[in-house]
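Q: Residue numbers (the numbering used here), protein chains in the order written: chain H, 1 to 201; chain L, 202 to 402; chain B, 403 to 603; chain C, 604 to 804.
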DNA sequence: ACCTAACCGAGACGGTACGTCTTGTCTTGCC
DNA sequence: GGCAAGACAAGACGTACCGTCTCGGTTAGGT
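#1: Establish whether the CB of residue 407 of chain B and some CB of chain C are separated by less than 7 Å.
#2: Which term fits residue 417 of chain B, buried or exposed, when burial requires 16 or more other beta carbons within 10 angstroms of its beta carbon?
#3: Quick check on this structure: which residue in H/113, H/50 and H/178 has the alpha carbon closest to the alpha carbon of residue 31 of chain H?
#4: Would you say residue 578 of chain B faces chain C, with C-beta separation under 7 Å as the test?
#5: Residue range of the alpha helix (DSSP H) that residue 303 of chain L falls in?
#6: Specify the secondary structure class of residue 278 of chain L as computed by DSSP and reduced to three states.
#7: Do the segment 140 to 160 of chain H and the segment 89 to 104 of chain H make contact, defined as three or more Cβ pairs closer than 8 Å?
#8: Which bits of chain L does residue 76 of chain H rub up against, with CB to CB less than 8 Å?
#9: Would you call residue 8 of chain H buried or exposed, if buried means 16 or more other Cβ atoms sit within 10 Å of its Cβ?
#10: Closest Cβ-Cβ distance between residue 312 of chain L and chain H: below 7 Å?
#11: Which residue wins for smallest C-alpha separation from residue 774 of chain C, given the options C/760, C/792 and C/668?
#12: So, at 6 Å on beta carbons, what are the nonlocal neighbours of residue 569 of chain B in its own chain, with the 5 sequence-adjacent residues on each side left out?
#13: Would residue 448 of chain B and residue 480 of chain B qualify as a contact pair, given that the criterion is a beta-carbon distance under 7 Å?
#14: How would you label residue 180 of chain H, buried or exposed, when you count the other beta carbons within 10 angstroms and need 16 or more for buried?
#15: Contact criterion: CB-CB distance below 7 Å. Does residue 783 of chain C meet it with respect to chain B?
#16: Can you check whether the C-beta of residue 391 of chain L is within less than 7 Å of a C-beta belonging to chain H?
#17: Among B/593, B/478, B/535 and B/580, whose alpha-carbon lies nearest the alpha-carbon of residue 726 of chain C?
#18: Could you give the DSSP three-state label for residue 327 of chain L: helix, strand or coil?
#19: Could you tell me if residue 632 of chain C is buried or exposed, where buried requires 16 or more neighbouring beta carbons within 10 angstroms of its beta carbon?
#20: Using a C-beta to C-beta distance shorter than 8 Å, which residues of chain B count as neighbours of residue 722 of chain C?
#21: Go ahead and label residue 428 of chain B buried or exposed: buried means 16 or more other beta carbons lie within 10 angstroms of its beta carbon, across all protein chains shown.
#22: Taking all protein chains shown into account, decide if residue 562 of chain B is buried (16 or more other Cβ within 10 angstroms of its Cβ) or exposed.
#23: Going by alpha carbons, who is nearest to residue 187 of chain H out of H/118, H/132, H/175 and H/96?
#24: Could you tell me the alpha carbon to alpha carbon distance between residue 156 of chain H and residue 306 of chain L, rounded to whole angstroms?
#25: Using only the alpha-carbon positions, how far apart do residue 270 of chain L and residue 326 of chain L sit?
#26: Once DSSP output is grouped into helix, strand and coil, what is the label at residue 667 of chain C?
#27: In the DSSP assignment, find the unbroken alpha helix (DSSP H) run with residue 775 of chain C in it and report its ends.
#28: By Cβ distance, which residues of its chain are closer than 6 Å to residue 275 of chain L, with the 5 residues on each side in sequence left out?
#29: Does the beta carbon of residue 366 of chain L come closer than 7 Å to any beta carbon on chain H?
#30: With 16 other CB atoms within 10 Å as the buried threshold, where does residue 53 of chain H fall?
#31: Mind checking whether residue 121 of chain H and residue 37 of chain H have CB atoms under 7 Å apart?
#32: Using a Cβ cut-off of 7 Å (strictly closer), state whether residue 645 of chain C contacts chain B.
#33: State the Cα-Cα distance for the pair residue 662 of chain C and residue 139 of chain H, rounded to the nearest angstrom.
#34: Mind checking whether residue 118 of chain H and residue 132 of chain H have CB atoms under 7 Å apart?
#35: Starting from residue 225 of chain L, follow the alpha helix (DSSP H) in both directions and report where the run begins and ends.
Written out as structure tokens, the structure reads:
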């Protein structure tokens, strides 16, 4: 990930020229988020983001390969992507904890809008899709994988429940609700999932 | 669904003027499907559909409210939306049968592409989203609901499993695989789902 | 010049589709002229012309190959390119008449601005330059050529004065004054030219 | 022209700090000339000049007020602007000598390209236009004025030929040929001009 | 030997315009 | 009145330059 190649000597020589403006970066992420919520993703253009942020279009194209990547960074800014997963003592409790976290995220209408937009963009732009999967979707799956591993060593994981399938169910239900059946992420749903996946059969 | 208003008398009086061209209709649906598969949904425009179909743009706008609706009709043409659901004797068998049907649909790359496109359009255009939900998504849920009802009267439905939640899980996993984690719809996945939802606790 | 190829039968079959909007055409030419005078040619962009004319950019690109061609048509609209040249009885009088006409044209600040812009564009865009030469510059030379021919048959043309060289002098002085030494086109200048070129040696 | 203000004492006090780089200055002029010839003036940008010269854009903006001024200096570098005008014995001979010099200049395709570019820029940027007139065009007129004055005192100047009008004709024809009717500057043209302006009537 | 000032290259910045593409609407004349 | 063709106003696309600003790094007096 780090460009170690060019720092063969101790201190990496800073590149010449003016440095990237942090102000612009923040204004762009803020404008993108605001516009997605305000107008809906379909109406958000790079042109409008630039204008709203008071920034030249080139400044966006210079730093992000696509509109989706701007939103992905905006999301990362808002919600730490890699959540901590303290041991709650049992698989059921761990799972419930993860669901509560995820539901909070997906239940915040601002973030929900952002997540929908990202999934849409992933379909429209396959290259972005790959980045979205790697940087976001797979990380969430791995987080759940940690819980499953912990449960397995603890011994309270239902037999025949693989990490992969558990992830399919958990995230499948969440994304389906987000995209297809816009209903609130309530406690009842979490109860159902915990009951279904937590049963020691 | 049909506009019954215009047939107030017994026999609908045929309107004057040229009748809708079935040739054009078919050419448009065919062109739309082909283009989605060929170029990906992002590159499909009404302009290109019209050109490929050898049709004026107006003819599309006259009969369909949006690009998504063209695709929705194309999908309906390809795969009968309301599948028959013969009684297979048990909840597990019924479920497995439904999964097999759904997996066949979603596993056909041409249809998968179409489904993805429809879900994308549903996010981008809320009005179409409503139609897509009503005409497609909810019908699939109801189909599963029939199986659940049958199981409940038969008495082999796991307690605490509601029709709503079952649908969330089944379709959640399918759509998630379709949109987020492009992996094949294999027998193993179906096994897992049947095991999970079919258990009599 | 005329596209005779497509009218092999008696009546040219009209092309299908909506016809070109005369309103738009006029609004564009008007806007272009106004802007050149208002802002100077350097600040005139196709974007601004379109906006001022209340017209889409595409409508300009559809009908004119370049910004220069818009102005060339605007000029043709304002000043009939092919002036009538009545016989004034003598070479001197004919020449004076032509100079008066040309000076009136070049002395109108609105047209002067337009002419300058066209000559600039001819330098910047060689393809337009060729059109400008053929459609405007050469026509003016030919108009003068008619006078020279008439003088030659009349017998009052100074010996050794060729049509080509006469044109170089007449239009050279006019364009030089227009572009390089912005001074008014006064009667004194016309007198000088007539004296110089009219002398029977 | 020189900023005398800062040398109020006898010897201008040398400013501290790094001195202007002669290497950069030359590289810029060279790059500008080369690019004008290579790509045509329309395609020459300050960005490209800087890149070709291996120089920062700021270095150009620091020393020249506009792109035109860079070219004007490049021209001055190539062709001494103030030509010597030895007395050739007669008005006709003096005139012919000046025409030969000018034709050589304007006939060199590299310089012709440069001259065209300068005249274009003079139209686009009025402030540069004023400098171009003062530093180049008027100097040429004055050079011709010297010849006219000499002829007048010598007594072989055609009556009624003013210095101003002679300049209009000579430079008018040259610039017109350069900009409007791209034909070579041949001996025949010079003959015609000398005959026309040299005649003692 | 420092200090300060001006220059240098590189390159990011807010903007404007480019020429192309698509959207949804609006004519046209044929069927 | 449907249909293919295609012009229309609108506006986004991604790129190129504009002229300015900001970096770290020279290069020169002046002290």
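We put the beta carbon where it would ideally sit given N, CA and C, even for glycine.
A: Once the coordinates are examined:
#1: Along the third chain, read from residue 1 onward, the residue named residue 407 of chain B stands at position 5. With a pLDDT of only 44 at residue 407 of chain B, under 50, the local geometry of the prediction cannot be trusted, and the value read off the model is given with reservation. No, residue 407 of chain B lies away from the interface with chain C (no Cβ there is under 7 Å from its Cβ).
#2: Numbered from its first residue, the third chain carries residue 417 of chain B at position 15. Under this definition residue 417 of chain B is an exposed residue.
#3: Here the question's residue 31 of chain H lines up with position 31 in the first chain. Ranking H/113, H/50 and H/178 by Cα distance to residue 31 of chain H puts H/50 first.
#4: Within the third chain, residue 578 of chain B is the residue found at index 176, counting from 1. Closer than 7 Å to some Cβ of chain C, the Cβ of residue 578 of chain B qualifies, so yes.
#5: Here residue 303 of chain L is taken as the residue at index 102 of the second chain, counted from 1. Its alpha helix (DSSP H) spans residues 292 to 308.
#6: On the second chain, position 77 is the one that residue 278 of chain L refers to. Looking at residue 278 of chain L - three-state DSSP - the assignment turns out to be helix.
#7: Enough Cβ pairs lie closer than 8 Å, so yes.
#8: Here the question's residue 76 of chain H lines up with position 76 in the first chain. What residue 76 of chain H touches in chain L: nothing, since even the nearest Cβ is about 18 Å away.
#9: Within the first chain, the letter at position 8 stands for residue 8 of chain H. Caution is warranted here: a pLDDT of 44 is assigned to residue 8 of chain H, below 50, making its placement in the model unreliable, and the coordinate value is therefore given only provisionally. With fewer than 16 other Cβ atoms inside 10 Å of its own Cβ, residue 8 of chain H counts as exposed.
#10: Along the second chain, one-based indexing puts residue 312 of chain L at 111. Contact with chain H is absent for residue 312 of chain L, since none of that chain's Cβ atoms lies less than 7 Å from the residue's Cβ.
#11: Residue mapping note: residue 774 of chain C aligns to position 171 of the fourth chain, counting from 1. With respect to the C-alpha of residue 774 of chain C, the residue from C/760, C/792 and C/668 having the closest C-alpha is C/792.
#12: Numbered from its first residue, the third chain carries residue 569 of chain B at position 167. Within the same chain, Cβ atoms closer than 6 Å to the Cβ of residue 569 of chain B are found at 543 and 546, the five residues on either side in sequence being excluded.
#13: Translated into the one-based positions of the third chain, residue 448 of chain B becomes position 46. Translated into the one-based positions of the third chain, residue 480 of chain B becomes position 78. Contact: no.
#14: On the first chain, residue 180 of chain H is found 180 positions in, with the first residue counted as 1. Residue environment analysis places residue 180 of chain H among the buried positions, since at least 16 neighbouring C-beta atoms fall within 10 angstroms of its C-beta.
#15: Counting from 1 along the fourth chain, the entry for residue 783 of chain C is found at position 180. Yes, residue 783 of chain C lies at the interface with chain B (some Cβ there is under 7 Å from its Cβ).
#16: The residue labelled residue 391 of chain L in the question sits at position 190 within the second chain. So no, residue 391 of chain L is outside the interface.
#17: As a working mapping, residue 726 of chain C is identified with position 123 in the fourth chain. Ranking the options by Cα distance to residue 726 of chain C, first place goes to B/580.
#18: By one-based count along the second chain, residue 327 of chain L stands at place 126. DSSP places residue 327 of chain L in helix when its eight states are reduced to three.
#19: As a working note, residue 632 of chain C is residue 29 in the fourth chain. So residue 632 of chain C ends up on the buried side.
#20: Taking the fourth chain and counting its residues from 1, the one referred to as residue 722 of chain C is at position 119. Those within 8 Å of residue 722 of chain C in chain B are 525, 581 and 582.
#21: Taking the first residue of the third chain as position 1, residue 428 of chain B is located at position 26. Residue 428 of chain B should be labelled exposed.
#22: Translated into positions along the third chain, residue 562 of chain B becomes position 160. Here residue 562 of chain B is exposed: its Cβ has fewer than 16 other Cβ atoms, across all protein chains shown, within 10 Å.
#23: Walking along the first chain from the start, residue 187 of chain H turns up at place 187. Proximity to residue 187 of chain H across H/118, H/132, H/175 and H/96 peaks at H/96, based on C-alpha coordinates.
#24: Numbered from 1 along the first chain, position 156 holds the residue referred to as residue 156 of chain H. Numbered from 1 along the second chain, position 105 holds the residue referred to as residue 306 of chain L. In this model, residue 156 of chain H and residue 306 of chain L are separated by some 36 Å (Cα to Cα).
#25: On the second chain, position 69 is the one that residue 270 of chain L refers to. On the second chain, position 125 is the one that residue 326 of chain L refers to. Roughly 11 Å separates the two Cα atoms.
#26: Stepping through the fourth chain from its first residue, residue 667 of chain C is reached at position 64. It is coil, neither helix nor strand.
#27: Residue mapping note: residue 775 of chain C aligns to position 172 of the fourth chain, counting from 1. Looking at the DSSP string, the run of the alpha helix (DSSP H) that includes residue 775 of chain C is 766 to 782.
#28: On the second chain, position 74 is the one that residue 275 of chain L refers to. So the qualifying residues of the chain are 230, 233 and 234.
#29: Looking up residue 366 of chain L in the second chain gives position 165. Residue 366 of chain L counts as touching chain H.
#30: Numbered from 1 along the first chain, position 53 holds the residue referred to as residue 53 of chain H. Counting C-beta atoms within 10 angstroms of its own C-beta, residue 53 of chain H has 16 or more neighbours from the protein chains shown and is therefore classed as buried.
#31: Taking the first residue of the first chain as 1, we reach residue 121 of chain H at position 121. Taking the first residue of the first chain as 1, we reach residue 37 of chain H at position 37. Cβ distance not < 7 Å, so residue 121 of chain H and residue 37 of chain H don't count as in contact.
#32: Here residue 645 of chain C refers to the residue found at position 42 of the fourth chain. Interface criterion met: the Cβ of residue 645 of chain C is under 7 Å from a Cβ in chain B.
#33: By 1-based counting over the fourth chain, the position of residue 662 of chain C is 59. By 1-based counting over the first chain, the position of residue 139 of chain H is 139. In a straight line, the C-alpha of residue 662 of chain C is about 49 Å away from that of residue 139 of chain H.
#34: Along the first chain, one-based indexing puts residue 118 of chain H at 118. Along the first chain, one-based indexing puts residue 132 of chain H at 132. Yes, these two residues count as a Cβ contact at 7 Å.
#35: Taking the second chain and counting its residues from 1, one reaches residue 225 of chain L at position 24. For residue 225 of chain L, the enclosing alpha helix (DSSP H) stretches over residues 223 to 240.
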